[in-house]
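Report on one structure; see the data block that follows.
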Amino acid sequence: QLPAGYSYEFSGQTREEISSGGQSTVIFLLCLVFIYFLLSAQYESYILPLAVILSIPAGIFGVFVAIGLTGIQNNIYVQVALIMLIGLLAKNAILIVEFGVQRRRAGQPLVAAALEAAKSRLRPIIMTSLAFIVGLIPMMGATGPSAQGNHSISIGAAGGMVSGVILGLFIIPVLFVIFQAIQEKFSKKSQEEVPHYYEEAPINHELYETV
Numbered sequence: 001q002l003p004a005g006y007s008y009e010f011s012g013q014t015r016e017e018i019s020s021g022g023q024s025t026v027i028f029l030l031c032l033v034f035i036y037f038l039l040s041a042q043y044e045s046y047i048l049p050l051a052v053i054l055s056i057p058a059g060i061f062g063v064f065v066a067i068g069l070t071g072i073q074n075n076i077y078v079q080v081a082l083i084m085l086i087g088l089l090a091k092n093a094i095l096i097v098e099f100g101v102q103r104r105r106a107g108q109p110l111v112a113a114a115l116e117a118a119k120s121r122l123r124p125i126i127m128t129s130l131a132f133i134v135g136l137i138p139m140m141g142a143t144g145p146s147a148q149g150n151h152s153i154s155i156g157a158a159g160g161m162v163s164g165v166i167l168g169l170f171i172i173p174v175l176f177v178i179f180q181a182i183q184e185k186f187s188k189k190s191q192e193e194v195p196h197y198y199e200e201a202p203i204n205h206e207l208y209e210t211v
């Protein structure tokens with residue numbers, strides 16, 4: 001307890017982290033909302049984008065595991081890594097979902113389309129993710145005044161990417177099967193409810209015959 005007339009306040013990095021704590025949550029939610037609306041426009045569906053959005057927590061789980069094992073605090077740099085991972089993990093999920101939609105439209109069974117999408121997109125997802133992780137290795141060994149920030153971003157992002165890729169390859173096909181089935185069910189139901197006001201009239205071919 002401080003004597004009368006004395007007070008304290010945070011400064012430097014601690015003050016910035018406290019002031020930006022609520023802002024990072026808002027930015028995180030806005031990123032998810034923007035991704036959802038963009039995917040809704042792409043797939044022309046409000047249901048199928050959930051297969052992409054709900055796969056992102058698999059990578060977020062890896063971020064907190066990585067920083068927990070290395071003793072890194074949940075600072076503003078880790079929050080930057082989280083926001084960065086939203087787009088990267090969503091990109092991996094889009095590759096699988098988009099290919100699954102194409103296979104489904106080609107007439108392939110739903111489960112078979114999901115499995116083929118995961119198998120065919122496995123190699124490009126691993127290659128791009130591995131290149132991303134390798135690019136973070138120099139930041140993991142950084143020294144100097146900015147070493148803490150480099151370690152937080154690189155270790156958090158690498159842990160989230162590893163977790164997102166490994167778990168995502170199992171989670172994304174399951175989510176695709178669930179939400180694609182719901183989408184097809186609602187689409188079929190809406191088509192059945194559309195009233196047919198106009199019936200096709202018979203064509204009088206005699207009118208088109210030449211004299």
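Going by the numbering used here, the sequence shown opens with residue 1, and the numbers climb by one from there.
We put the CB at the ideal spot given by N, CA and C, even for glycine.
Since the structure is predicted, the reported quantities are computational estimates derived from the model, not experimental observations.
Near V63, what residues of its chain come up, given a Cβ to Cβ distance below 8 Å and the 5 sequence neighbours on each side ignored? Taking the sequence shown and counting its residues from 1, the one referred to as residue 63 is at position 63. Cβ within range, chain order: V78, A81, L82, L85, G156, A157, G159, G160 and S163.
Relative to the alpha-carbon of T25, which residue among N74, G149 and V174 has its alpha-carbon at the smallest distance? What you label residue 25 is simply residue 25 of the sequence shown in a count that begins at 1. Of the candidates N74, G149 and V174, N74 places its Cα closest to the Cα of T25.
For Q212, does the three-state DSSP call read helix, strand or coil? Nothing can be reported for residue 212: it is not among the residues displayed for the chain, which extend from 1 to 211.
Pairwise C-alpha distance: I182 and I171: Position 171 of the sequence shown, counted from the start, is the residue given in the question as residue 171. Position 182 of the sequence shown, counted from the start, is the residue given in the question as residue 182. When rounded, the distance between both Cα atoms is 17 Å.
Close-in-space but distant-in-sequence residues of the same chain around I203 (CB under 6 Å, 5 per side omitted): Residue mapping note: residue 203 aligns to position 203 of the sequence shown, counting from 1. Reliability fails at I203, whose pLDDT of 49 lies under 50, so the model's placement of it is uncertain and no value is given.
Element boundaries [alpha helix (DSSP H), containing I83]: Taking the sequence shown and counting its residues from 1, one reaches residue 83 at position 83. I83: member of the alpha helix (DSSP H) spanning I76 to R105, first to last residue.
Select from V165, K188, I60 and I53 the residue whose C-alpha is nearest the C-alpha of I126. Locating residue 126 in the sequence shown gives position 126, counting from the first residue. For I126, the nearest C-alpha among the options comes from V165.
N- and C-terminal bounds of the alpha helix (DSSP H) containing T70: Within the sequence shown, the letter at position 70 stands for residue 70. First-last of the alpha helix (DSSP H) with T70: P57 to T70.
Between the segment 46-55 and the segment 104-111, do at least 3 Cβ pairs fall closer than 8 Å? Contact fails: fewer than three Cβ-Cβ distances are below 8 Å.
Roughly how many angstroms lie between the CA atoms of Y46 and V111, to the nearest whole one? Your numbering for residue 46 matches position 46 in the sequence shown. Your numbering for residue 111 matches position 111 in the sequence shown. Distance between the alpha carbons of Y46 and V111 is about 21 Å.
Under 9 Å, do L38 and F179 count as touching if we go by C-beta distance? Here residue 38 corresponds to residue number 38 of the sequence shown, with the count starting at 1. Here residue 179 corresponds to residue number 179 of the sequence shown, with the count starting at 1. Result no, Cβ atoms of L38 and F179 do not sit closer than 9 Å.
Out of curiosity, what's the CA-to-CA distance linking G68 and Y6? Here the question's residue 68 lines up with position 68 in the sequence shown. Here the question's residue 6 lines up with position 6 in the sequence shown. Taking the straight line joining both Cα atoms gives about 36 Å.
Residue span of the alpha helix (DSSP H) that contains I47, given as start and end: On the sequence shown, residue 47 is found 47 positions in, with the first residue counted as 1. Element bounds for I47: n/a, residue is neither H nor E.
Could you tell me how far apart the beta carbons of A93 and P173 are, in whole angstroms, since I believe they sit closer than 8 Å? The residue labelled residue 93 in the question sits at position 93 within the sequence shown. The residue labelled residue 173 in the question sits at position 173 within the sequence shown. Their Cβ separation, rounded to whole angstroms, is 10 Å, which puts A93 and P173 out of contact at 8 Å.
Own chain partners of C31 with C-beta closer than 8 Å, once the 5 adjacent residues on each side are dropped: Against the sequence shown, residue 31 aligns to sequence position 31. For C31, the CB contacts under 8 Å within the same chain, skipping 5 residues up- and downstream, are I83, I86 and G87 in chain order.
Looking at the unbroken alpha helix (DSSP H) that takes in E116, where does it start and where does it end? For the purposes of this step, residue 116 is taken as the residue at position 116 of the sequence shown. Element bounds for E116: L110 to S120.
Measure from the alpha carbon of F186 to the alpha carbon of each residue in L48, Y8 and Y36, then state which is nearest. Residue numbering aside, residue 186 sits at position 186 when the sequence shown is read from its first letter. Closest by alpha carbon: L48.
Buried or exposed for Y8, going by 16 or more other Cβ atoms inside 10 Å? Position 8 of the sequence shown, counting from 1, holds the residue named residue 8. Counting other Cβ atoms within 10 Å of its Cβ, Y8 stays below 16 and is therefore classed as exposed.
Can you list, in chain order, the residues of its chain whose CB lies under 8 Å from that of I27, leaving out five sequence neighbours each side? As a working note, residue 27 is residue 27 in the sequence shown. Setting aside the 5 residues that flank it on each side, I27 is surrounded in the same chain by I83, each with a C-beta closer than 8 Å to its C-beta; the list follows chain order.
According to the neighbour-count rule (16 or more other Cβ atoms, all chains shown, within 10 Å of its Cβ), is L207 buried or exposed? Translated into the one-based positions of the sequence shown, residue 207 becomes position 207. Low per-residue confidence applies at L207: pLDDT is 45, beneath 50, and the placement is therefore not dependable, though the value from the model is reported in the following sentence. The residue is exposed, with fewer than 16 neighbouring Cβ atoms inside 10 Å.
Using a threshold of 9 Å, state whether the C-beta atoms of I76 and G168 are closer than that. Residue 76 sits at position 76 when you count from the first residue of the sequence shown. Residue 168 sits at position 168 when you count from the first residue of the sequence shown. Note that the C-beta distance between I76 and G168 is not below 9 Å.
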